[in-house]
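Undergrad: Just so we're aligned, residue 6 is where the sequence shown starts under my numbering, counting upward by one.
For every residue, glycine included, the Cβ atom is placed at its ideal position computed from N, Cα and C.
Sharing a structure below in structure tokens format, with a few things to ask.
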Amino acid sequence: MRRALFLFLYFSIYNTFSQNLIPNGQLESFQDCPSGLRQLHKINDWFSASAGTPEYYNTCGFPANVNPKQGNGLIGLILYSDYYIDIEYVGVMLKDTLERGQTYLLEFYVYVDENAPFSIDKIGAFFSSSKVKLAHWSPIVEKPQVFAKQIIEPSRWVKFEEFFIANGGEQFMTVGNFFEKDEVKIKRNSHKQTAGWYSYFYFDDFSLKKVRSDELKSNSKSDSKSSFTNSFQKKHIVYFESDEFDLSLDELNRLKNFVVQIPENDKIQFELTGFTDSDASKAYNLELSKNRVESVSKIVKEQFSWNLIKLWKGEESPLNENKNEFDKSQNRRVEISIFP
6 MRRALFLFLY
16 FSIYNTFSQN
26 LIPNGQLESF
36 QDCPSGLRQL
46 HKINDWFSAS
56 AGTPEYYNTC
66 GFPANVNPKQ
76 GNGLIGLILY
86 SDYYIDIEYV
96 GVMLKDTLER
106 GQTYLLEFYV
116 YVDENAPFSI
126 DKIGAFFSSS
136 KVKLAHWSPI
146 VEKPQVFAKQ
156 IIEPSRWVKF
166 EEFFIANGGE
176 QFMTVGNFFE
186 KDEVKIKRNS
196 HKQTAGWYSY
206 FYFDDFSLKK
216 VRSDELKSNS
226 KSDSKSSFTN
236 SFQKKHIVYF
246 ESDEFDLSLD
256 ELNRLKNFVV
266 QIPENDKIQF
276 ELTGFTDSDA
286 SKAYNLELSK
296 NRVESVSKIV
306 KEQFSWNLIK
316 LWKGEESPLN
326 ENKNEFDKSQ
336 NRRVEISIFP
């Protein structure tokens with residue numbers, strides 16, 4: 006009986022972490038075979054996040070100019086254009102709401118069309134608690150949790166993989182280019198640039214999964230060429246209760262999970278910055294933010310004792326306006342940034 010219960014719990018936990026939270030991530034489920042352009046509505050679960058008209062391709066009816074990474078279906082988007090507003094986005098509602106403090110790994114494949122005059126970086130995903138849906142054709146300027154740091158080379162499938170820690174409550178994922186035009190790095194390709202040009206990108210095989218702390222630790226010690234290691238999480242926020250500088254058990258576990266995934270490297274530099282809400286005097290809040298930094302510093306130093314910069318700003322630089330308890334809870338924090 007005990008063994009059966011153990012196996013049940015083991016496989017329940019395993020399935021929870023191995024489940025792909027993106028429905029129809031392989032883009033194979035559809036209502037009808039596409040017969041032409043602008044038919045994203047024929048694929049199940051996915052939608053256009055603006056008035057743009059992305060494509061759904063499938064070999065059953067309307068194939069793309071490239072072979073899918075796997076299976077028969079893929080999605081196509083304009084992500085960079087002569088006309089700034091003419092870029093497209095796709096979105097999907099996740100199978101489950103993301104958990105605060107939980108680490109997730111996002112993976113997908115992207116292919117820059119061979120006729121694209123430019124390749125770009127910054128392609129990424131924005132996770133939100135509500136559905137992103139613009140009624141007009143316009144760029145969506147948000148802060149994506151994950152995005153490509155390097156320019157995607159054309160004419161081949163490139164795997165994107167990066168993990169992040171959820172704030173909690175995210176139910177939707179939107180994929181596209183979320184940056185202003187002057188923030189995007191570009192590379193001119195061999196295809197001739199003409200008036201009204203645009204750069205077109207194909208996507209396939211999306212996956213979003215929870216990551217266990219032991220996986221993070223294992224991968225942080227693996228070969229430095231691993232894309233998982235190269236994309237280790239470099240920012241983290243520790244939250245505090247009102248007028249407290251001791252870490253709650255949940256925040257302590259979140260912090261330890263963050264620290265354990267960082268590869269051992271004496272060139273890494275940590276910056277810890279403490280903040281408060283506005284409930285007390287500025288002098289009191291400044292001291293409170295300092296104490297919060299010291300609490301976080303003790304945990305970080307258990308694994309890394311070098312290159313630690315500590316800053317405290319009290320109630321300065323709030324994330325929210327301190328209008329209600331939720332806003333204040335987001336301002337009671339220590340931000341951790343890692344620099345190579």
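Cα separation between K333 and L254?
TA: About 20 Å.
Undergrad: So what does E104 bridge to, in DSSP terms?
TA: Looking at the DSSP assignment, E104 forms no beta bridge with any residue, so it has no partner.
Undergrad: Quick check: what's the CA-CA separation for R8 versus N258?
TA: Because R8 sits at a pLDDT of 45, beneath the cut-off of 50, its placement in the model cannot be relied upon, and the following sentence gives the value as read from the coordinates. For R8 and N258, the distance between alpha carbons rounds to 28 Å.
Undergrad: Does the distance from the CB of N286 to the CB of G319 come in under 7 Å?
TA: The question names Asn, but residue 286 in the sequence shown is Ser. In this structure, G319 does not lie closer than 7 Å to S286 by Cβ.
Undergrad: Where do the ends of the beta strand (DSSP E) carrying A288 lie?
TA: From DSSP, A288 is part of no beta strand (DSSP E) but of the alpha helix (DSSP H) over 287-305.
Undergrad: Tell me whether the segment 181-196 and the segment 153-164 touch, counting them as touching only if at least three CB pairs, one residue from each stretch, are closer than 8 Å.
TA: The segment 181-196, when compared against the segment 153-164, does touch it at the 8 Å Cβ threshold.
Undergrad: Going along the chain, which residues of its own chain have a beta-carbon closer than 6 Å to the beta-carbon of R43, five neighbours each way excluded?
TA: T58.
Undergrad: How many angstroms separate the CA atom of V117 from the CA atom of W162?
TA: The alpha-carbon atoms of V117 and W162 are separated by roughly 8 Å.
Undergrad: Once DSSP output is grouped into helix, strand and coil, what is the label at L257?
TA: In the structure shown, L257 sits in a helix (DSSP, three-state: H, G or I).
Undergrad: Can you find at least 3 beta carbon pairs, one from the segment 64-78 and one from the segment 125-139, that sit closer than 8 Å?
TA: No, the segment 64-78 is not in contact with the segment 125-139.
Undergrad: P268 to K164, Cα distance in whole Å?
TA: So the two alpha carbons sit approximately 22 Å from each other.
Undergrad: Helix, strand or coil, according to DSSP, for L45 in the structure here?
TA: Residue state, collapsed to three classes: helix.
Undergrad: On the CB-based measure, 16 or more other CB atoms within 10 Å of its CB, does D101 come out buried or exposed?
TA: Classification for D101: exposed.
Undergrad: Hey, how far is the Cα of Q308 from the Cα of S23?
TA: C-alpha separation (whole angstroms): 28 Å.
Undergrad: Output the distance between the C-alpha atoms of V97 and T281, rounded to the nearest integer angstrom.
TA: Each residue's alpha carbon lies about 35 Å from the other.
Undergrad: Are L260 and I304 touching if we call contact CB-CB under 7 Å?
TA: A contact, by the Cβ cut-off of 7 Å.
Undergrad: Three-state secondary structure (DSSP) at D332?
TA: In this structure, D332 counts as helix in the three-state DSSP scheme.
Undergrad: Cutting at 6 Å between CB atoms, please list the residues of its own chain near L12, excluding the five before and the five after it.
TA: In this predicted model, L12 has a pLDDT of only 39, less than 50, meaning its place in the structure is not dependable; the value taken from the coordinates is given anyway. Nothing listed; no residue qualifies.
Undergrad: So which of F184, N325, L213 has the shortest CA-CA distance to S28?
TA: For the record, residue 28 in the displayed sequence is Pro; it is not Ser. Among F184, N325, L213, the Cα nearest to that of P28 is on L213.
Undergrad: Let me know the secondary structure DSSP gives F263 once reduced to three states.
TA: In this structure, F263 counts as helix in the three-state DSSP scheme.
Undergrad: Just to confirm the assignment, what range does the beta strand (DSSP E) spanning I170 have?
TA: Taken as a continuous stretch (DSSP letters only), the beta strand (DSSP E) holding I170 covers 162-170.
Undergrad: Please state the DSSP three-state secondary structure of S23.
TA: Helix, per DSSP.
Undergrad: Classify K315 as helix, strand or coil using the three-state DSSP reduction.
TA: Three-state result, K315: strand.
Undergrad: Would you check if the distance between the CB atom of Y85 and the CB atom of F123 is smaller than 7 Å?
TA: In this structure, F123 lies closer than 7 Å to Y85 by Cβ.
Undergrad: Is V216 buried or exposed, if buried means 16 or more other CB atoms sit within 10 Å of its CB?
TA: Its Cβ being crowded by 16 or more others within 10 Å, V216 is buried.
Undergrad: If you compare alpha carbons, which of R338, A140, N63 is closest to E321?
TA: The shortest Cα separation from E321 among R338, A140, N63 belongs to R338.
Undergrad: Label D209 either buried or exposed according to how many other C-beta atoms from any shown protein chain fall within 10 Å of its C-beta, with 16 as the threshold for buried.
TA: Per the 10 Å Cβ criterion, buried.
Undergrad: Just to confirm, is the Cβ distance from G279 to V264 under 7 Å?
TA: The answer is no: Cβ separation not under 7 Å.
Undergrad: With 16 as the cutoff for other CB atoms within 10 Å, does K240 come out buried or exposed?
TA: Burial call: exposed.
Undergrad: By DSSP's criteria, S86 is part of a beta bridge. Which residues make up the other side?
TA: Answer by DSSP bridge pairing, in chain order: Y203.
Undergrad: Compare the Cα-Cα distances from G106 to each of P149, Q238, F131 and report the closest residue.
TA: Nearest C-alpha to G106: Q238.
Undergrad: Kindly indicate which three-state DSSP category S227 falls into: helix, strand or coil?
TA: Because S227 sits at a pLDDT of 44, beneath the cut-off of 50, its placement in the model cannot be relied upon, and the point is left open.
Undergrad: In this structure, what does DSSP give as the bridge partners for K192?
TA: S124.
Undergrad: According to DSSP, simplified to helix, strand and coil, what is K215?
TA: K215 falls in the strand class under three-state DSSP.
Undergrad: For the candidate residues L277, F206, E330, V243, whose alpha-carbon lies nearest to that of D284?
TA: Closest by alpha carbon: E330.
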